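K.L.:
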Amino acid sequence: MLGTFGLNIEYVRAERNSLYYLDETGAEVPVLDLVGGWGSLMLGHNHPEIVAHAKKLLDTGWPVHSQFSEHPVADRVGEVLNGIIGREFPGAEPYPVIFANSGAEAVEAAVKHCEFDRALRLKSLFEQIEWNVDVAVKAVGDGSAQLPDDTSLLPGDVPVPTTAEEFGALLGAVATHNVGLVGTSPVFFALERAFHGKLLGSTQFTFNPTFRAAFTSLGLPVTFVPPNDAAALESALAEHRPAALDAEVVDGRVTLVERPFPVIGGLIVEPIQGEGGIHALTPEYAARVREICDAAGCPVIVDEIQTGMGRTGKFFASAHIGLIGDYYLLGKSLGGGIGKTSAMLVRQSRYRPEFELVHSSTFAKDGFTTSVALRTLELLEAEDGAAYDLAAERGERVLGVLRDLAAEYPDVVLDVRGKGLLIGLEFADQSQAPSPVIREKAAAGLLVFLIGSYLQLVHRIRTGPTASVPNMLRIEPSIQITDEEIEQLRTGLTEVCRILRHQDALPLIHPLTGAAAQPRTEIQDFRTEATGAAGAGSAAEPATHKVGLVSYPLTPDALRQLDPSLADLDDAALLAYVQRSELLKDLPATAPVRYTSPQGASVDLTVYPLLVSQHQLRAYRTTGQTFLIGLDLDRRVRAAKADGCETVGIGFGLGTVGDHGGALRVPGVTVTAGSTLAVGATLAALEQPALERFGDLGGLTVAVVGGGGRVGSALGALSAEYVAKIVLVGSGREGSAERLRATEHRIYQDAWTRIAAGGELTGIAAALAAEPLVTKWLADGRAGDEPSAEAIAAHLADSYDENPFVVTADDLSALRNAHAVIAAHSSPVPVLVEKHLAQGAVIADLSFFGTGAESAIVAGRDDLLYLRGGVLSIPEDTILPRGFNGPLNTGELLAGAAEAIVLALSGAGGTPSQGAITQERVHTIIDLARQHGFEAIST
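And the structure:
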């Protein structure tokens, strides 16, 4: 993913707000780092005083591992933190500190302590109930208390006891009720949009299902409630208030009473949700949280891992809103930018000293990192906390710049949020942008990655996304950010805003192409370009059917047509960009195109594009990695199905590398590569020109280049029914000879089946009928479906030096005597050579599914006749969206799209991509196509 956006850079040095990498000459290149270690660099990279302190510790041999001993430095860290708590939350009680190694570990430590505390409270509850019941039993026994006269708290119809035995049964029912509660799982609460880590435990509290969904069965149940909605929190907590039953003596009578059963584990909140989009909790909500949670016995965990350490202008961001937590979590900048440490602080009145017996870590609380943490705190606290004031002032300066941009570009910047140096710039939604490149990245949730790539590669500014808001740029510099660096940010973001306003994708894409010089430097306006083809989008009535087509921009020119802002990039640059986008092939679906059949039914055809090149498809084949494109096809077909498409076509040779769609397993949708209609249209296009040129088909030799493929095999086998000889030419690659042999055997088997059936014979079957082996079979009454191909092949090999009926070869010289040559190969580049073609030959070009790959062959040969195969005409001026119709004219479609439309209009489901392409299937699809207005093109 980093390579996709040109972010795979190795940095070799860091200081203050800059990271440095080496260019091709070995010179250092500075990059303004506004990622800031995701908030870990409050004091900047390699702060000199922290580095000097760390060196001193190492030079003096300061112990790192001294487990099971006193840790006075760690204790001092706790003292400083408690002093800060006392200052920012006057009157707060002390908070013991538990150290950890990372923020996520601190989260898990807090949750673990909450559950430990709950377990101990549960134990105390049962012990108290046990004591109270014992007192009640003795009181009844010695006559000092009467039996209970009310059993309504027990479930079911439990009678009021009148004897000691019945009283014992009642207490048994109480015990059964209480034991049933023991298995109740604890319930924790978190806020929607929350992010608290990605470890197995902490990810349960992270709202984004991308990070959480796969692991929910392995963790604690967590209920998410909307932020700043106190009523929702109160309602959620109220749903988890089970009660245990107790018996106590009241006024001389045993009375059943309810005791709150501790099932609520805790609530975890961030005062400002960083990964969730820089959303702050309000003071009003904070006050209600404290009231509601106190009433429900719910401890409050305040996650300050990213917001704390002074980043927002106070040490604790929760101090801005007066939110007093039972737990505080710190991390990131606690390590001063060089140490990996975190801390969990627990309110003294809730702290369980026994916790340290069940919770420990080898590396937490080590001498080195706690000493670095102490030095960090000293620097932050120096000069009456001047660092906090600086964070507030620098943050306001950055926010002012961003607000200026929002005012100037309200169509581009949706919002600016933040406090201190925790800042987010939210861009307006670009999922309907005119530029397909910008639209595609926005639809995939990756626009901010593309923007970040541009800022880094062009303006040398490093930014980051948030984990849950795909169109937000996160900015977390250190307090050392200068006015000059802020202006550098202004310049870069201004250009980003201009690019997005004018929908000019070239400046964003060019840095990813590897091209040295940008072809143009000025930003041009492409806002007037349409986002898709017109027609269906404005139709008053919905179409009868929805059809999808998985395709791709066939050539660099097609990519320029798709997004005109890329017009100035040369072929090499565009292909380099496509290659770099290997992991992000999905382009946004195009606007649907309406086609209405003469029969009255209509189809909306939507293209689901893949950003892949012909060269990549060829590489998939040659390296045996066609399964990769199969995964892409499966994903796009499923997207089409989700949009309501009942039939999906696979176009532009994708079927060849994707097993013609036969390997796809998407229930409820018909998938076709258009192979059957392509074969039928090609043969129909070839028939009349061949008759006009040669007078009769019976004496012709037809060659099929690519004769071992599914389409080429069908073309060879079906042509053999009419012509005298078939030449099958393969690629020479591994397996090619076997595939050609399979086609040859199919021709023989089909011929024998026709011969055995009787009737008038044509083509190769007519000639084979005179062979001695075949006449003997006829005399013997051999069945037509008896496997006969191998025997015929062996007979012909014994009888002739050169097979007079079917020739297989991997050498193009075998084409020299062919009257007609059908190019049915899957190579995206031409393979035919002039010198191998006979005088006056007809070339039917179905190579790469009718994309005209062999059209240049006729440039120097007036005697050759070139025909496009697999192309159909339609009575309307329907055309696929720009970039996806190849070299076709208005009113023309390739078979991949045409067959999908025909199948949908005809209600013909099934699996057209599976099984052999037979004469019957070809005739059927051709007839259906004609009924709906399609005709094969003979030009």
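Under our numbering, the first residue of the sequence shown is numbered 3, with each subsequent residue one higher.
The C-beta atom is built at its ideal place from N, Cα and C for all residues, glycine as well.
The structure presented is a predicted model; accordingly, all values stated were derived computationally and were not measured.
1) Could you give the DSSP three-state label for residue 219: helix, strand or coil?
2) Could you pull out every unbroken alpha helix (DSSP H) segment of at least 4 residues lying fully inside the segment 3-49, listed in chain order?
3) Out of 788, 797, 170 and 40, which one is the CA nearest neighbour of residue 475?
4) Using the C-alpha atoms, what's the distance from residue 79 back to residue 263?
5) Please report how far the alpha carbon of residue 48 lies from the alpha carbon of residue 107, in whole angstroms.
6) Do residue 650 and residue 552 have their C-beta atoms within less than 9 Å of each other?
7) So residue 28 and residue 479 are in contact, right, with Cβ under 8 Å, and what is the actual spacing, rounded?
8) Going straight from the alpha carbon of residue 811 to that of residue 928, what length do you get?
9) Going by DSSP in three states, residue 528 sits in which element: helix, strand or coil?
10) Which residues in the same chain have their Cβ closer than 8 Å to the Cβ of residue 373, if we skip the five residues on either side of it in sequence?
11) According to DSSP, simplified to helix, strand and coil, what is residue 326?
12) Would you say residue 726 and residue 766 are within 9 Å of each other, going by their C-beta atoms?
13) Got a sec? Which residues, its chain only, sit under 7 Å from residue 945 by beta carbon, not counting five neighbours each side?
14) Can you find a CB in chain E that lies within less than 9 Å of the CB of residue 933?
15) Using 8 Å as the Cβ pair cut-off and three pairs as the minimum, do the segment 226-240 and the segment 289-302 touch?
16) Return the CA-CA distance between residue 243 and residue 265, expressed in angstroms with no decimal places.
17) Are the CB atoms of residue 377 and residue 52 nearer to each other than 9 Å?
18) Just verifying my parser: in three-state terms, what is the DSSP assignment at residue 988?
19) So the candidates are 188, 697, 724 and 710; which of them puts its Cα closest to the Cα of residue 704?
20) So residue 314 packs on residue 343, CB below 8 Å; how close in whole Å?
21) For residue 533, does the three-state DSSP call read helix, strand or coil?
22) Does DSSP put residue 277 in a helix, a strand or coil?
23) Going by C-alpha distance, which of 250, 464, 859 and 204 is nearest residue 840?
24) Are there 16 or more other CB atoms within 10 angstroms of the CB of residue 536, so buried, or fewer, so exposed?
25) According to DSSP, residue 425 sits in a beta bridge with which residue or residues?
26) If you draw a straight line from the C-alpha of residue 77 to the C-alpha of residue 484, how long is it?
27) Span of the beta strand (DSSP E) holding residue 114?
28) Would you mind working out which of 568, 455, 728 and 188 sits nearest residue 8, comparing C-alpha positions?
29) Going by DSSP, what residue range makes up the beta strand (DSSP E) through residue 190?
30) For my contact list, residue 181 and residue 172 are in at a C-beta cut-off of 8 Å; report their separation, rounded to the angstrom.
31) Kindly list the residues whose CB is nearer than 6 Å to the CB of residue 408, restricted to its own chain and excluding five residues on each side of it in sequence; keep chain order.
32) Please report the distance separating the alpha-carbon of residue 66 from that of residue 57.
33) Please classify residue 548: does DSSP put it in a helix, a strand, or coil?
34) Alpha carbon to alpha carbon, how far is residue 119 from residue 128? Give it in angstroms, no decimals.
35) Give the single residue among 647, 491 and 304 whose Cα lies nearest to the Cα of residue 550.
36) What is the residue span of the beta strand (DSSP E) that residue 543 lies within?
P.N.:
On the basis of the supplied data:
1) Here residue 219 carries a helix assignment [DSSP, helix/strand/coil].
2) Here the runs fully enclosed are 38-41.
3) Checking every option, the nearest Cα to that of residue 475 belongs to 40.
4) A direct Cα-to-Cα measurement between residue 263 and residue 79 gives close to 37 Å.
5) Their backbone Cα atoms lie some 24 Å apart in a straight line.
6) The beta carbons of residue 650 and residue 552 sit closer together than 9 Å.
7) Actually they do not touch by this definition, with Cβ atoms about 28 Å apart.
8) Their Cα atoms are separated by approximately 31 Å.
9) Residue 528 sits in coil when the DSSP states are folded into three classes, being neither helix nor strand.
10) 55, 59, 64 and 75, listed in sequence order.
11) Of the three classes helix, strand and coil, the one that applies to residue 326 here is coil, per DSSP.
12) Yes.
13) No information on residue 945 is available, as it lies outside the stretch 3 to 941 that the chain covers here.
14) Absent from the structure is chain E; it holds one protein chain and no more.
15) With a cut-off of 8 Å, the segment 289-302 and the segment 226-240 count as touching, because enough Cβ pairs lie within range.
16) Distance between the alpha carbons of residue 243 and residue 265 is about 7 Å.
17) Yes.
18) Here the chain has residues from 3 to 941 only, and residue 988 is not among them.
19) Comparing Cα positions, the closest option is 724.
20) Not a contact, Cβ separation roughly 21 Å.
21) Confidence in residue 533 is poor, its pLDDT being 46 and thus under 50, which makes the residue's placement unreliable; the coordinate value appears in the next sentence. Judged by DSSP in its simplified three-state form, residue 533 adopts coil rather than helix or strand.
22) Residue state, collapsed to three classes: coil.
23) For residue 840, the closest alpha carbon among the candidates 250, 464, 859 and 204 is that of 859.
24) Summary for residue 536: the model assigns pLDDT 40, below 50, so the residue's position carries little reliability; its value from the coordinates is reported in the next sentence. By the Cβ neighbour-count rule, residue 536 is exposed, with fewer than 16 other Cβ atoms within 10 Å of its own.
25) Note: residue 425 sits in a beta bridge opposite 420 and 477.
26) Going from the Cα of residue 77 to the Cα of residue 484 covers about 35 Å.
27) No beta strand (DSSP E) contains residue 114, which is instead part of the alpha helix (DSSP H) from 105-143.
28) Relative to residue 8, the option among 568, 455, 728 and 188 whose CA is nearest is 455.
29) It spans 189-193 - the beta strand (DSSP E) in which residue 190 sits, taken as one unbroken run.
30) At roughly 15 Å, the Cβ-Cβ gap does not stay under 8 Å, so residue 181 and residue 172 are not in contact.
31) Setting aside the 5 residues that flank it on each side, residue 408 is surrounded in the same chain by 415 and 418, each with a C-beta closer than 6 Å to its C-beta; the list follows chain order.
32) Cα to Cα, the separation comes out at about 13 Å.
33) Shown here, residue 548 sits in a strand according to DSSP, grouped into three states.
34) If you take the alpha carbons of residue 128 and residue 119, they lie about 14 Å apart.
35) Comparing Cα-Cα distances from residue 550 to each of 647, 491 and 304, the minimum goes to 647.
36) Neither: residue 543 is in no beta strand (DSSP E) and is coded neither H nor E.
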